[in-house]
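The next block holds one structure in the form of structure tokens; read it before the comments.
2 protein chains.
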Amino acid sequence: MNSDNAIPARGFHHSEYERRCAAVQNNMRDAGVDVLWLTTEADIHYLSGFLTQFWQSPTRPWYLLLPQSGKPVAVIPAIGEICMRRTWIDDIRTWSSPQPQDDGVTLLIDTLIEVAGNSPVIGIPQGPETYVRSPEKDVQRIRRGLPGAQWTDATALIRSVRQIKSDAEVGKLRHICQITSNAFATVPDIIHGGMAEAEAFRQFRIACLSAGADDAAYVVGAAAPGGYEDIISPPGNHQLSHGDVLILDTGCVFDGYYSDFDRNFAVGAVDSATHSAHQRVWDATEAGLASLAPGVTCAEVYAAMQEVMQPANAPVSDVGRLGHGLGIQLTETPSIAAFDKTALRPGMVITLEPGYSYAPGKLMVHEENLLITDSGYELLSTRAPRDIPIIH
Amino acid sequence: MNSDNAIPARGFHHSEYERRCAAVQNNMRDAGVDVLWLTTEADIHYLSGFLTQFWQSPTRPWYLLLPQSGKPVAVIPAIGEICMRRTWIDDIRTWSSPQPQDDGVTLLIDTLIEVAGNSPVIGIPQGPETYVRSPEKDVQRIRRGLPGAQWTDATALIRSVRQIKSDAEVGKLRHICQITSNAFATVPDIIHGGMAEAEAFRQFRIACLSAGADDAAYVVGAAAPGGYEDIISPPGNHQLSHGDVLILDTGCVFDGYYSDFDRNFAVGAVDSATHSAHQRVWDATEAGLASLAPGVTCAEVYAAMQEVMQPANAPVSDVGRLGHGLGIQLTETPSIAAFDKTALRPGMVITLEPGYSYAPGKLMVHEENLLITDSGYELLSTRAPRDIPIIH
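Protein chains in written order, with my numbering: chain E, 7 to 398; chain D, 7 to 398.
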């Protein structure tokens, strides 16, 4: 595994999107939903292939409608028309945006009625990990413009499909995880004591790009004497010093697909508490890996990792879960958590991310990425060493 | 100008946030709003200083409440507590998230009542360029949990304050624009005919980081024979070839502040239509710059640039506007557009971004970043040459 160094082709065959839409539409029919109204980058990207960093601009709303049969219909700002034409979508309706008086509202209402009639059941994702990316006033106008419509939650209709990755998706995820592993392997050569945190993070970003990532979109972490306590802050001016523990957590991107794993390093030397804590989260990951099989629930995988960390008699770090799904977002469903009874299925790509507080103000978090297979799992990240590496 | 090469300090003095909150609270009092409920990265970052890339994970909701007086109150997942403690916020309430059964909903309702009573007027941004980053089902639960509340649109209360940058904010924007200019200056050395688009974009990202950017968050563009028609797509496998026109548009980041401008290049040679089109958008920018002064409206700046492009007898590219505000987001209000009558004020940082279609399927878009001053403007980006540069 991880031996395939060929760069996967960008994009997908149209059959990939046909499969995704057919699966969601099957769920729609079972749930009696006539049309989905989608507003977020991930949902629109997933069903149309529309890939752009332009989502970083909050200015314009973007909409995709999925009827119960047939292809999705795009209702988007004209600035995105050419980019959308590169996808498998045929029916693309545009307006000149921004246009605050009517920023696609009338066009969306008219298209919804054309696609699903005057009394449609309209599904929108309303559950955990979703939001509606449309100004609230426009949402209200759209609801008023469709007095005969019923509105229902579509979260589960899409989530269950997105959780299972196709071979082509796995190919992209395997590739970006390998790139990220290769970048982490260079850390002892590029990050040294005396460097400012911000400079270390910058050099690591460059390493990810040099290894072949399209982007190192997410680079967070910390370095602190004898152990860190925060894993989501941006880097500061702190100079890496002898005795620091450094964590780098990264989400790199290839063709819209994310890796998400971290690595820990000790600067110059490591104390025994930190050394043991690293071994413990590594062992917890090992226990998590050993538990993986189709049919096993996320809650059971969580318990397997917790079992290893509990003897430390220390509370789990308050992050709420010990891993999550991975794909076109840095974090996807399911959650490796006590509350999540989702059964693992072949094709799921997840992270295992055990972490705990091994001393007051000191966290240790470790993470790997993997694919659930018929027989168990395939590691997508190159397994970290059990002993925390020392850099100089 | 642009001669200050010192790296600005990260973060701000607390007085910066006191000023921002006081200005928003003044607007709240005028509008009779008791408390703001904020849910998005930009709004929370702006009033608290909470800076993290963790927003890329859609899993957890994050909330900030701004009462009519006093400091904001954070209601956030426990994973963010340490990062929030680095800010000026004192009152931080956390829950272990994700927790789908009650992901902060009860805590938020209780805190809202504590802060603003049982019958508060609650302001949330509902207008253009906003959205509510909370699952729709949670929004409904929160509304049901506050039956005595009135809800009102708070878009304008924050927008008018955010549009005016402090000297400290301008320092960060000046710095990242200078870094981005320096990175663009290296393009003739790092991008060459024969390179795949994706590789060219990757090398440019590395150049931005090497020049000192924390991140090259936004890198889009295109290269196409004799002219491009799409400015928001990701790079593909197309090899840069003699006669291609290349546009690179980038948003780089320093300490949470964005540059946003583009540069055009001709590969090997340039045809006369493209050469003229570049001169025309450069001239349109010059006209836009000449029009800048406090009190002039965005619509008037738009008209000044349109006047230069109109004689080309070609329709403006359908992007809806010719520039926008800039700051902690890649694009902010106001819009340089016919519909936007916002008067320019000293301290506004904006882009001028004239573009038009100079032949079927051929766009030319040009962009500069600048600060509105008492006497006119200060360029933050290093002015592009009027003639499109040729790279080999």
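Cβ atoms here follow ideal geometry from the backbone N, Cα and C, with glycine treated the same way.
These numbers were taken from a predicted model, which means no experiment stands behind them.
Residue of the options minimising C-alpha distance to residue i
i             : options                    : result
residue 12/D  : 247/D, 126/D, 184/D        : 184/D
residue 39/E  : 68/E, 55/E, 130/E          : 130/E
residue 171/D : 381/D, 398/D, 376/D        : 376/D
residue 15/D  : 174/D, 164/D, 345/D, 60/D  : 174/D
residue 281/D : 249/D, 96/D, 88/D          : 249/D
residue 367/D : 89/E, 64/E, 77/E, 233/E    : 89/E
residue 400/E : 33/D, 239/D, 122/D, 186/D  : Past the boundaries of the shown model lies residue 400/E; chain E is included only from 7 to 398, so the question cannot be answered.
residue 105/E : 325/D, 372/D, 363/D, 351/D : 325/D
residue 157/D : 75/D, 34/D, 327/D, 97/D    : 34/D
residue 51/D  : 307/D, 78/D, 65/D          : 78/D
residue 260/E : 292/E, 229/E, 215/E, 201/E : 215/E
residue 37/E  : 115/E, 128/E, 304/E        : 128/E
residue 287/E : 221/E, 312/E, 304/E, 45/E  : 312/E
residue 169/D : 64/D, 371/D, 49/D, 20/D    : 49/D
residue 99/D  : 228/D, 117/D, 200/D, 92/D  : 117/D
Whether residue i touches residue j by CB criterion (7 Å)
i             : j             : result
residue 360/E : residue 290/E : yes
residue 192/D : residue 160/D : no
residue 95/E  : residue 80/E  : yes
residue 206/D : residue 197/D : yes
residue 357/E : residue 332/E : yes
residue 257/E : residue 308/E : no
residue 409/E : residue 31/E  : Here chain E comprises residues numbered 7 to 398, so residue 409/E is not present and cannot be evaluated.
residue 151/E : residue 125/E : no
residue 226/E : residue 246/E : no
residue 44/D  : residue 121/D : no
residue 263/D : residue 251/D : no
residue 1/D   : residue 67/D  : Residue 1/D lies beyond the range of chain D shown here (7 to 398); nothing can be said about it.
Under 8 Å by beta carbon: chain E residues contacting residue i
i             : result
residue 280/D : None at all; the shortest Cβ gap to chain E is about 18 Å.
residue 394/D : Within 8 Å Cβ-Cβ: nothing; residue 394/D doesn't reach chain E, min ~21 Å.
Beta-carbon neighbours of residue i, restricted to chain D and to distances below 9 Å
i             : result
residue 208/E : 215, 216, 218, 219, 220, 221
residue 368/E : Under the 9 Å cutoff, chain D gives no residues; its nearest Cβ is about 12 Å from residue 368/E.
residue 243/E : 15, 16
Residue i burial status per 10 Å Cβ neighbour count (16 or more: buried)
i             : result
residue 9/E   : The predicted position of residue 9/E is uncertain, since its pLDDT is 44 and thus under 50; a value taken from the coordinates is nonetheless stated next. Residue 9/E should be labelled exposed.
residue 255/D : buried
residue 278/D : exposed
residue 396/E : exposed
residue 195/E : exposed
residue 181/E : buried
residue 142/E : buried
residue 294/D : buried
residue 398/E : exposed
residue 284/D : buried
residue 464/E : A question about residue 464/E goes unanswered here, because the residues of chain E that appear run from 7 up to 398.
residue 341/E : buried
residue 47/E  : buried
residue 457/E : This structure leaves residue 457/E out entirely; chain E is present only between 7 and 398.
residue 146/D : exposed
residue 296/D : exposed
residue 265/E : buried
residue 178/E : buried
residue 330/D : buried
residue 7/E   : For residue 7/E, the predicted structure reports a pLDDT of 37, less than 50, and the residue's modelled location is therefore unreliable. A value from the coordinates is still provided. Exposed, because fewer than 16 other Cβ atoms sit within 10 Å of the Cβ of residue 7/E.
residue 381/E : exposed
residue 110/E : buried
residue 391/D : exposed
residue 86/E  : buried
Per-residue contacts from residue i into chain E (C-beta, under 7 Å)
i             : result
residue 57/D  : 240
residue 236/D : 88, 89
residue 37/D  : Those do not exist, as residue 37/D stays about 16 Å from chain E at its closest Cβ, beyond 7 Å.
Interface residues of chain E facing residue i [CB-CB closer than 9 Å]
i             : result
residue 453/D : Lying outside 7 to 398, the shown extent of chain D, residue 453/D is not represented and no answer is given.
residue 226/D : 58, 59, 60
residue 341/D : 65, 104, 106
residue 159/D : 142, 143
Closer than 7 Å at the beta carbon, the chain D residues around residue i
i             : result
residue 63/E  : 336, 337
residue 141/E : 132, 133, 134, 136, 137
residue 109/E : 134
Within chain D, partners of residue i - CB distance below 8 Å
i             : result
residue 105/E : 326, 345
Segments assigned alpha helix (DSSP H), at least 4 residues, entirely inside the segment 201-289 of chain D = The qualifying runs are 203-216.
Which runs of the beta strand (DSSP E) spanning at least 3 residues fall entirely within the segment 82-158 of chain E, listed in chain order?
-> Whole beta strand (DSSP E) segments, 3+ residues: 97-101, 127-130.
At what residue ranges does the segment 302-387 of chain E contain a whole run of the alpha helix (DSSP H), taking only runs of 4 or more?
-> 304-315, all fully within the segment 302-387 of chain E.
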